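Heads up: the structure comes next, in structure tokens.
Number of protein chains: 2
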Amino acid sequence: MTKLLIAGTVAYDSLRTPQGERPRILGGSALHAAVAASILLKQVDLLSVVGGDFEPQYLDFLRERGVDLHGLKIIKESKTFAWNGFYEKDLNTAHTVQTDLNALTQFDPALPPEYLDNELVFLGNIDPILQTKIFAQLPARKFGALDTMNYWIASQKEDLLKAITLADLLFINDAEIRQLTGEDNLFRAARGLLTGRLRYVIIKKGEHGAMLISAERIAIVPSMPLDEIIDPTGAGDSFAGGFMSYIAENGVDWDTLRAALVYGTLTASFNVQGFGCERLAAITKADLDERLKVFREITRIN
Amino acid sequence: MTKLLIAGTVAYDSLRTPQGERPRILGGSALHAAVAASILLKQVDLLSVVGGDFEPQYLDFLRERGVDLHGLKIIKESKTFAWNGFYEKDLNTAHTVQTDLNALTQFDPALPPEYLDNELVFLGNIDPILQTKIFAQLPARKFGALDTMNYWIASQKEDLLKAITLADLLFINDAEIRQLTGEDNLFRAARGLLTGRLRYVIIKKGEHGAMLISAERIAIVPSMPLDEIIDPTGAGDSFAGGFMSYIAENGVDWDTLRAALVYGTLTASFNVQGFGCERLAAITKADLDERLKVFREITRIN
Chain A
0 MTKLLIAGTV
10 AYDSLRTPQG
20 ERPRILGGSA
30 LHAAVAASIL
40 LKQVDLLSVV
50 GGDFEPQYLD
60 FLRERGVDLH
70 GLKIIKESKT
80 FAWNGFYEKD
90 LNTAHTVQTD
100 LNALTQFDPA
110 LPPEYLDNEL
120 VFLGNIDPIL
130 QTKIFAQLPA
140 RKFGALDTMN
150 YWIASQKEDL
160 LKAITLADLL
170 FINDAEIRQL
180 TGEDNLFRAA
190 RGLLTGRLRY
200 VIIKKGEHGA
210 MLISAERIAI
220 VPSMPLDEII
230 DPTGAGDSFA
240 GGFMSYIAEN
250 GVDWDTLRAA
260 LVYGTLTASF
270 NVQGFGCERL
280 AAITKADLDE
290 RLKVFREITR
300 IN
Chain B
0 MTKLLIAGTV
10 AYDSLRTPQG
20 ERPRILGGSA
30 LHAAVAASIL
40 LKQVDLLSVV
50 GGDFEPQYLD
60 FLRERGVDLH
70 GLKIIKESKT
80 FAWNGFYEKD
90 LNTAHTVQTD
100 LNALTQFDPA
110 LPPEYLDNEL
120 VFLGNIDPIL
130 QTKIFAQLPA
140 RKFGALDTMN
150 YWIASQKEDL
160 LKAITLADLL
170 FINDAEIRQL
180 TGEDNLFRAA
190 RGLLTGRLRY
200 VIIKKGEHGA
210 MLISAERIAI
220 VPSMPLDEII
230 DPTGAGDSFA
240 GGFMSYIAEN
250 GVDWDTLRAA
260 LVYGTLTASF
270 NVQGFGCERL
280 AAITKADLDE
290 RLKVFREITR
300 IN
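Quick mapping for you: the protein sequence lines, in order, are chains A and B. Heads up: the first sequence at position 29 corresponds to 28 in numbering that gives the first Met the number 0, and the numbers run straight through without jumps. Heads up: the second sequence at position 183 corresponds to 182 in numbering that gives the first Met the number 0, and the numbers run straight through without jumps.
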């Protein structure tokens, strides 16, 4: 498994954080995950949709990173999904000013023939019905992971619970898993979800780190300490992209999943050090390895 | 330094958690810290005050744990400081029903002669003016740590900031350090406090773990994952007591402080597995060592 299928949104984000603002920069769950995964992987297959306003320079940007665009549908007569939002001093909460779904309402999750051989798939935050449809088209799939958000928990809980049972791994944040399960204890909440195919839950806790939970085991890593967060948008998606790229290279045994948890953490730490994906797009595996040394020193137990 | 001076409150706690309720059980910042520290140490000097209603069985309990009571003043005509509170499902927030200061209003921080040789001191959450007075009586002091709470930050910020500059290490939780400094980034908040004698800040994040921060270095540990929290009361105090007992035995170089951070974390994890200090009082160093093995496996980075 040295390639990875990533499905989700590609967006224009207009955002404001305490560190500044940016109009119409590249965003979206699949975009952040793909930029992250392409640090390690030579090929990432992108399944998403954009509008006629999507700039050709961004297509070039993605192609140059090894992102295959056979599955990026461009709907000329529509516009790219656009999110407008801001963060207060508390960077953990995104406030939405406006969401224009635009082309996203026509997202057809049919995979192009070039993508059907994918063994590894990450489904970023989109309608869980679409996530289920994508899983159904991947007979060769060995490992599939799924992310979601509070919106789908509130509006399509049953669809989401079905999609989750088709995944091998669920990415979810601490507030979301409590909302989804009604269980306050995160370990009990995660283990209560392990039915169907689902074997692993990764709970993302933002500045507090992340936890990987299986029926028998737990791994916990803190976040990378940073003096300044420029823009938290896409942190979870880049975390997932980094995590998935690591297992694409190294396998899915427990120790590799543990190491991928660290790799995802470090990937996300670069993501939040710039607006959109600008910082992530500028780093290499060597930068991640360098930061890993610092991280080891911070987290080692004598 | 194989003994430790602990000052703070000894209380009767009447509390309710989602797991049950207990009237008038042993509590208080110094009590939880002393019970924790006496797992490792043969002698802990306790400086506190109680009322005539304090039961002799509790004095015996403390003496049997090696807690020296020369500094526990019993004010016959008063009552023991009493806290009545509860926790909702969200165990991170204690809700106070009633606080009766009682004997605590007459807390005279004069050290008995037997305590004047202490080189290591932990000042649990009490009036920062009292904390300052205790530091002033310890010419042999090599390392002093101080804990506080939101009440003092709101009501006596200047007194507290003065007491902090006299300490070597500050224990504080994430909400409190943000309240105290007005700085949202925890690393910048901690480093901004490092003036006077203060060299280390430990930020306690409850279920999210703890961080040790100096001018140049950072150590981060997650919390021990637990399927059930019985009673979070005294978690921070037992953390501090466990931490301080570890450095009493092993020194105050950076690597020992790091290891103490883990030791404090594990001590607190036992504290919250029973009401008041009942679970903590029942464990030995062997139980902590056993849990350390599990914790290492959960937190190791390949």
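Glycine included, each C-beta is placed from N, C-alpha and C at the ideal position. Being a predicted model, the structure only gives us computed values, none of them experimental.
- Message: Residues of the stretch 204–222 of chain B in Cβ contact with chain A at a cutoff of 9 Å, in chain order, please.
- Response: So the close ones are K204, E206, H207, G208, M210, I212, R216, I217, A218, I219, V220, P221 and S222.
- Which chain A residues are close to E227 (chain B), counting only those with a beta carbon under 9 Å from its beta carbon? Taking the second sequence and counting its residues from 1, the one referred to as residue 227 (chain B) is at position 228. Residues of chain A passing the Cβ test: N184 and R187.
- Message: I want to verify the contact list: residues of chain B whose CB lies under 7 Å from the CB of N172 (chain A), in sequence order.
- Response: Residue 172 (chain A) sits at position 173 when you count from the first residue of the first sequence. Within chain B, no residue comes near N172 (chain A); the closest Cβ sits about 13 Å away, beyond 7 Å.
- Listing by chain order, which chain A residues have their CB less than 7 Å from the CB of A258 (chain B)? Mapped onto the second sequence, residue 258 (chain B) falls at position 259. Neighbours of A258 (chain B) on chain A, chain order: N301.
- Message: Taking the alpha carbon of Q42 (chain B) as the reference point, which residue from B:Q56, B:V66, B:G27 and B:G51 has its own alpha carbon closest?
- Response: In the second sequence, residue 42 (chain B) corresponds to position 43, counting from 1. Out of B:Q56, B:V66, B:G27 and B:G51, B:V66 has the C-alpha closest to the C-alpha of Q42 (chain B).
- Which class does T264 (chain A) belong to by DSSP, given the choice of helix, strand or coil? For the purposes of this step, residue 264 (chain A) is taken as the residue at position 265 of the first sequence. Of the three classes helix, strand and coil, the one that applies to T264 (chain A) here is helix, per DSSP.
- Task: Within the same chain, show all residues whose beta-carbon is closer than 8 Å to that of D116 (chain A), passing over the 5 residues directly before and after it, in chain order.
- Result: Counting from 1 along the first sequence, the entry for residue 116 (chain A) is found at position 117. Excluding residues within five positions, the ones whose Cβ falls inside 8 Å are A139.
- Message: Short of 7 Å in beta carbon distance, which residues of its chain neighbour S37 (chain A), apart from the five on each side in sequence? Order them along the chain.
- Response: Within the first sequence, the letter at position 38 stands for residue 37 (chain A). Once the five neighbours on either side are set aside, the close Cβ partners of S37 (chain A) are V43, R64, G65 and V66.
- Task: Have a look at V34 (chain A) and A218 (chain B) and give me their C-alpha separation to the nearest angstrom.
- Result: Within the first sequence, residue 34 (chain A) is the residue found at index 35, counting from 1. Within the second sequence, residue 218 (chain B) is the residue found at index 219, counting from 1. Rounded to whole angstroms, the gap between the alpha carbons of V34 (chain A) and A218 (chain B) is 30 Å.
- Task: Could you tell me how far apart the beta carbons of A32 (chain B) and I73 (chain B) are, in whole angstroms, since I believe they sit closer than 8 Å?
- Result: As a position in the second sequence, residue 32 (chain B) is number 33, starting the count at 1. As a position in the second sequence, residue 73 (chain B) is number 74, starting the count at 1. Actually they do not touch by this definition, with Cβ atoms about 19 Å apart.
- So, helix, strand or coil for K203 (chain B), using DSSP? Taking the second sequence and counting its residues from 1, one reaches residue 203 (chain B) at position 204. In this structure, K203 (chain B) counts as strand in the three-state DSSP scheme.
- Query: Got a sec: is the Cβ-Cβ distance from K88 (chain A) to anything in chain B below 8 Å?
  - Reply: Counting from 1 along the first sequence, the entry for residue 88 (chain A) is found at position 89. Cβ-Cβ to chain B under 8 Å: yes for K88 (chain A).
- Rounded to whole angstroms, what's the CA-CA distance from K132 (chain A) to I297 (chain B)? Just pull it up for me. For the purposes of this step, residue 132 (chain A) is taken as the residue at position 133 of the first sequence. For the purposes of this step, residue 297 (chain B) is taken as the residue at position 298 of the second sequence. Distance between the alpha carbons of K132 (chain A) and I297 (chain B) is about 35 Å.
- Return yes when the Cβ of A188 (chain A) is within less than 8 Å of the Cβ of A166 (chain A), no when it is not. The count along the first sequence starts at 1 and reaches residue 166 (chain A) at position 167. The count along the first sequence starts at 1 and reaches residue 188 (chain A) at position 189. Result no, Cβ atoms of A166 (chain A) and A188 (chain A) do not sit closer than 8 Å.
- Message: Restricting to Cα atoms, I'd like to know which of B:D12, B:L160, B:K292 and B:L291 is closest to R21 (chain B).
- Response: Your numbering for residue 21 (chain B) matches position 22 in the second sequence. Considering only alpha carbons, the answer is B:D12.
- Task: Could you tell me which of B:K204, B:L169 and B:L14 sits nearest to P194 (chain B), measuring between CA atoms?
- Result: Position 195 of the second sequence, counting from 1, holds the residue named residue 194 (chain B). At residue 194 (chain B) the sequence reads Thr, which differs from the Pro that was named. When each option's Cα is compared against that of T194 (chain B), the closest is B:L169.
- Query: Under 8 Å between C-beta atoms, does P231 (chain B) make it to chain A?
  - Reply: Here residue 231 (chain B) is taken as the residue at index 232 of the second sequence, counted from 1. Not an interface residue.
- Looking only at its own chain, which residues have a Cβ that is under 8 Å from the Cβ of L119 (chain B), when we skip the five neighbours before and after it? Within the second sequence, numbered from 1, the residue matching residue 119 (chain B) stands at position 120. Once the five neighbours on either side are set aside, the close Cβ partners of L119 (chain B) are M0, K2, L3, L4, R140, K141, F142, G143, M243, I246 and A247.
- Query: For N124 (chain B) versus G7 (chain B), is the C-beta spacing smaller than 8 Å?
  - Reply: Here the question's residue 124 (chain B) lines up with position 125 in the second sequence. Here the question's residue 7 (chain B) lines up with position 8 in the second sequence. Yes, the pair counts as a contact, with Cβ atoms nearer than the cut-off.
- Count the C-beta pairs between the stretch 228–235 of chain B and the stretch 247–262 of chain B that are closer than 8 Å, then say yes if the count reaches three, no if not. no
- Message: If you measure between the beta carbons of T95 (chain A) and G84 (chain A), is that distance less than 8 Å?
- Response: Numbered from 1 along the first sequence, position 96 holds the residue referred to as residue 95 (chain A). Numbered from 1 along the first sequence, position 85 holds the residue referred to as residue 84 (chain A). Contact: yes.
- Item | Local conformation of A239 (chain A) per DSSP, three classes | Residue numbering aside, residue 239 (chain A) sits at position 240 when the first sequence is read from its first letter. Three-state result, A239 (chain A): helix.
- Task: Keeping to the same chain, check which residues put their C-beta closer than 7 Å to that of R278 (chain B); ignore five residues upstream and five downstream.
- Result: As a working note, residue 278 (chain B) is residue 279 in the second sequence. Answer for R278 (chain B): F269, N270 and Q272, listed in chain order.
- Item | Residue ranges of each alpha helix (DSSP H) within the stretch 158–225 of chain B, 4 or longer | Those alpha helix (DSSP H) runs which fall completely within the stretch 158–225 of chain B and span 4+ residues are 173–180 and 185–191.
- Could you pull out every residue in the same chain whose Cβ sits closer than 7 Å to the Cβ of Q97 (chain A), ignoring the five residues on either side in sequence? For this step, residue 97 (chain A) is matched to residue 98 along the first sequence. So the qualifying residues of the chain are N83.
- Please decide whether T298 (chain A) counts as near chain B, where near means a Cβ-Cβ distance under 8 Å. As a working mapping, residue 298 (chain A) is identified with position 299 in the first sequence. Closer than 8 Å to some Cβ of chain B, the Cβ of T298 (chain A) qualifies, so yes.
- Item | Residue closest to A109 (chain B), alpha-carbon to alpha-carbon, out of B:F121, B:L90, B:Y86 and B:Q136 | As a first step, residue 109 (chain B) must be located in the second sequence, where it is residue number 110. Checking every option, the nearest Cα to that of A109 (chain B) belongs to B:Q136.
- Message: Extract the residue ranges of the beta strand (DSSP E) inside the stretch 31–55 of chain A, only unbroken runs of 3 or more that lie entirely within it.
- Response: 42–50
- Task: Check the Cβ of V120 (chain A) against every Cβ in chain B and list those closer than 9 Å, keeping chain order.
- Result: On the first sequence, residue 120 (chain A) is found 121 positions in, with the first residue counted as 1. The contacting residues do not exist; V120 (chain A) stays about 24 Å from chain B at best.
- Message: By the DSSP assignment, the alpha helix (DSSP H) with L287 (chain B) in it spans what residues?
- Response: One-based indexing of the second sequence puts residue 287 (chain B) at position 288. From DSSP, the alpha helix (DSSP H) with L287 (chain B) extends over K284 to T298.
- Query: So the alpha helix (DSSP H) L129 (chain A) belongs to, where does it begin and stop?
  - Reply: As a first step, residue 129 (chain A) is located in the first sequence; it is residue number 130 there, counting from the start. It spans P127 to A135 - the alpha helix (DSSP H) in which L129 (chain A) sits, taken as one unbroken run.
- Find the residues of chain A that neighbour V9 (chain B), judging by a C-beta separation of less than 8 Å, and give them in chain order. Looking up residue 9 (chain B) in the second sequence gives position 10. None at all; the shortest Cβ gap to chain A is about 31 Å.
- Message: Counting C-beta neighbours from all protein chains within 10 Å, is the total for P112 (chain A) 16 or more, i.e. buried, or is it exposed?
- Response: In the first sequence, the residue the question calls residue 112 (chain A) occupies position 113. Per the 10 Å Cβ criterion, exposed.
- Verify the CB distance criterion: does V200 (chain A) have a CB-CB separation below 8 Å to chain B? Walking along the first sequence from the start, residue 200 (chain A) turns up at place 201. Judged by the 8 Å Cβ criterion, V200 (chain A) is not in contact with chain B.
- Residue of A:E87, A:Y199, A:F186 and A:K156 minimising C-alpha distance to L179 (chain A): As a working note, residue 179 (chain A) is residue 180 in the first sequence. The candidate whose alpha carbon is nearest that of L179 (chain A) is A:K156.
- Query: Between the Cα of F80 (chain B) and the Cα atoms of B:L39, B:R62 and B:L30, which residue gives the shortest distance?
  - Reply: Working through the second sequence from its first residue, we reach residue 80 (chain B) at position 81. Distances from the alpha-carbon of F80 (chain B) to those of B:L39, B:R62 and B:L30 put B:L30 closest.
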